[in-house]
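Chemist: Under the working numbering, think of the first position of the sequence shown as 11, with each following residue one higher. Ideal placement from N, C-alpha and C gives every residue a C-beta, glycine not left out.
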Amino acid sequence: MESAINVLQLRKIALKHWTACKSTILASRYFGTSLPKFATEKREVNEEPTVDDILEDLRKPELSEDEIIQKRFQARLPERIYRKHMLKEPLPLENESDFYNYRLRTYYARFGKASKLNPGICWPTREELSDIIKRDQMFEPPLQEKIQNVEAKRLAAEKAKKDVEAEVEKNMSNLDKWMGDYYARIEKKEQKTRDLKSQREKLVEEISEYLGYDIDPRDPRFKEAVEQREKEKKKAMKMKKQQESYDKMLEKLRKIALSK
């Protein structure tokens with residue numbers, strides 16, 4: 011009996027817990043937050059700052075410039091890199107590699123007087139100057155030769171310019187002649203097109219007259235008629251040549267008979 015009562019009590023507790031959870035879920039669905047949190051936020055909004063809170067805020071010291079920069083800094087870069095690349099500040103030389111000549115020269119070229127370096131480091135040392143001279147002697151031509159090369163290039167450029175100008179003047183003098191030839195070719199081409207068109211029209215008329223009725227040039231019978239007409243022309247030409255050769259032979263025989 012007691013076990014049955016305990017089971018009923020557990021069920022009642024579970025039902026109450028489920029009802030509370032359901033209310034919380036519905037509140038979060040419609041209001042964006044749960045009821046207890048919503049009520050808490052509402053109480054916090056209604057609370058007004060007291061005089062003590064205002065005085066406490068006034069007693070707090072103002073932030074220094076470094077603290078303000080630190081609060082603004084969100085890149086999370088190392089401080090040295092941030093100051094060098096973002097704030098463009100000259101950094102103290104700390105590492106051994108910072109004292110190499112090429113690094114010191116780069117440092118001075120970037121920050122100038124703010125680097126607090128002697129500008130003389132930018133000038134090559136005696137050993138470097140000796141190496142530069144040797145390299146120039148080995149791979150670079152002498153100064154006089156360089157001057158001659160520059161002068162030769164200048165003269166070549168001037169000559170090329172004069173040649174172009176002379177070519178332009180020559181072409182301009184022939185411009186009228188070339189334009190005339192161009193328009194003559196255009197006229198010749200157009201005249202050839204007109205002649206072909208007139209020949210085609212004449213051929214259509216001749217074939218229509220040959221057949222005795224008008225015919226479309228696209229009609230297959232037109233092609234057959236043209237071929238037949240060409241055959242007849244060739245046959246007539248052949249007979250004409252035979253007749254001419256026959257007449258010539260008779261004329262020779264007549265001359266021979268008269269000479270006897």
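Rounding to the nearest angstrom, what Cα-Cα distance links Ser74 and Gln80 in this structure?
Modeler: 10 Å
Chemist: Is it true that the segment 219-232 meets the segment 189-199, where meeting means three or more beta-carbon pairs spaced less than 8 Å apart?
Modeler: Cβ pair count under 8 Å is below three, so no.
Chemist: What separation, rounded to the nearest whole angstrom, lies between the Cα atoms of Gln159 and Leu114?
Modeler: Before going further, note that residue 159 is Asn rather than Gln in the sequence given. Roughly 37 Å between the two C-alpha positions.
Chemist: Reducing DSSP to helix, strand and coil, say where Ser140 ends up.
Modeler: helix
Chemist: Within the same chain, show all residues whose beta-carbon is closer than 8 Å to that of Arg90, passing over the 5 residues directly before and after it, in chain order.
Modeler: Leu101
Chemist: Do you know offhand how far Pro88's Cα is from Ala124's?
Modeler: 22 Å
Chemist: Within the continuous alpha helix (DSSP H) that includes Ser269, where are the two ends?
Modeler: Pro230 to Ser269
Chemist: Under a three-way DSSP split, which group does Glu197 fall into?
Modeler: helix
Chemist: Take Ala235 and list the residues in its own chain whose beta-carbon comes closer than 7 Å to its own, dropping the five residues that flank it on each side.
Modeler: So the list reads Ile217, Tyr220 and Leu221, once near-sequence residues are dropped.
Chemist: I'd like to know whether the C-beta atoms of Cys132 and Tyr118 end up nearer to each other than 8 Å.
Modeler: yes
Chemist: For the putative contact between Pro134 and Ile143, defined by C-beta atoms under 8 Å, what is the C-beta separation to the nearest angstrom?
Modeler: Not really, about 10 Å apart at Cβ, beyond 8 Å.
Chemist: Helix, strand or coil for Pro129 per DSSP?
Modeler: DSSP places Pro129 within a helical segment (H, G or I) once states are collapsed to three.
Chemist: Can you tell me where the alpha helix (DSSP H) holding Phe121 begins and where it ends?
Modeler: Segment Asn111 to Phe121, the alpha helix (DSSP H) holding Phe121.
Chemist: Where does Tyr192 sit, in a helix, a strand or coil, going by DSSP?
Modeler: helix
Chemist: What do you reckon, are the CB atoms on Lys232 and Asp224 nearer than 8 Å?
Modeler: The amino acid at residue 232 is misidentified as Lys; the sequence shows Phe. Taking C-beta atoms as the reference points, Phe232 and Asp224 fail to come closer than 8 Å.
Chemist: Starting from Arg164, follow the alpha helix (DSSP H) in both directions and report where the run begins and ends.
Modeler: Leu153 to Ser183
Chemist: Under the three-state reduction of DSSP, which class applies to Asp226: helix, strand or coil?
Modeler: coil
Chemist: Starting from the C-beta of Glu161, find all residues in its chain whose C-beta is less than 6 Å away, skip the five residues before and the five after it, and write them out in chain order.
Modeler: The answer is none, since no qualifying residue turns up.
Chemist: Tell me the DSSP secondary structure of Leu87 in three-state form.
Modeler: coil
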